[in-house]
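Student: Counted the way numbering that gives the first Met the number 0 counts, the sequence shown spans residues 0 to 91. Using N, Cα and C, we set each Cβ at its ideal position, and we do this for glycine too.
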Amino acid sequence: MIPASFTIELPHGYAQRDQLQQFIEAKFPGTKISLVHSEVLMPQVSEALVEHDSSPQEPANTASADQVQDANTLMQKVTDALSEFAKTQESS
Numbered sequence: 000m001i002p003a004s005f006t007i008e009l010p011h012g013y014a015q016r017d018q019l020q021q022f023i024e025a026k027f028p029g030t031k032i033s034l035v036h037s038e039v040l041m042p043q044v045s046e047a048l049v050e051h052d053s054s055p056q057e058p059a060n061t062a063s064a065d066q067v068q069d070a071n072t073l074m075q076k077v078t079d080a081l082s083e084f085a086k087t088q089e090s091s
């Protein structure tokens with residue numbers, strides 16, 4: 000597994016913080032997740048980091064398809080997960 004981390008900005012006083020954290024942790028097991036309060040209207044991903052091992056142990060073409068390969072891909076996946084969470088909250 001490629002080590003990865005990301006930061007999600009939350010509005011001050013965001014009431015669903017714990018539910019969001021559990022939802023995101025379930026979607027991205029083993030990923031370091033930081034939730035920070037910021038001047039935003041809705042939760043949004045602000046940073047994503049993916050560490051790459053330079054050792055030749057696992058060639059890129061044999062990497063598992065579900066592994067995140069770069070920070071842009073991770074940011075998009077987190078953004079999609081945030082949208083999914085928002086939809087589940089609206090239907091509750």
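Here's the rule I'm using: 16 or more other beta-carbon atoms within 10 Å means buried, otherwise exposed. How should LEU48 be labelled?
Tutor: Taking the sequence shown and counting its residues from 1, one reaches residue 48 at position 49. Exposed, by the Cβ-count rule.
Student: Can you grab the Cα-Cα spacing for the pair ALA3 / ALA70, in whole Å?
Tutor: Along the sequence shown, one-based indexing puts residue 3 at 4. Along the sequence shown, one-based indexing puts residue 70 at 71. Rounded to whole angstroms, ALA3 to ALA70 spans 8 Å at the Cα level.
Student: So, with DSSP's three-state summary, where would you put SER4?
Tutor: Numbered from its first residue, the sequence shown carries residue 4 at position 5. Here SER4 sits in strand by DSSP.
Student: Below 8 Å on the Cβ atoms is my contact criterion, and I expect PHE5 with PHE84 to pass it. Report the Cβ-Cβ distance as a whole number of Å.
Tutor: Residue mapping note: residue 5 aligns to position 6 of the sequence shown, counting from 1. Residue mapping note: residue 84 aligns to position 85 of the sequence shown, counting from 1. Contact flag wrong, Cβ pair sits at about 14 Å.
Student: So, at 6 Å on beta carbons, what are the nonlocal neighbours of MET74 in its own chain, with the 5 sequence-adjacent residues on each side left out?
Tutor: Counted from its first residue, the sequence shown places residue 74 at position 75. Excluding positions up to five away in sequence, the list reads VAL44, ALA47.
Student: How many angstroms separate the CA atom of GLU8 from the CA atom of VAL39?
Tutor: Start at 1 with the first residue of the sequence shown, and residue 8 comes out as number 9. Start at 1 with the first residue of the sequence shown, and residue 39 comes out as number 40. Using only the alpha carbons, I get a separation of about 7 Å.
Student: Give me whichever residues DSSP pairs with SER33 in a beta bridge.
Tutor: Residue numbering aside, residue 33 sits at position 34 when the sequence shown is read from its first letter. Paired residue(s): THR6.
Student: Mind checking THR87: buried by the 16 CB within 10 Å criterion, or exposed?
Tutor: In the sequence shown, counting from the first residue as 1, residue 87 sits at position 88. It is exposed - the Cβ of THR87 has fewer than 16 other Cβ atoms within 10 Å.
Student: Which same chain residues, not among the five before or five after GLN18, have their C-beta less than 6 Å away from its C-beta?
Tutor: The residue you call residue 18 lines up with position 19 of the sequence shown. Contacts found: none.
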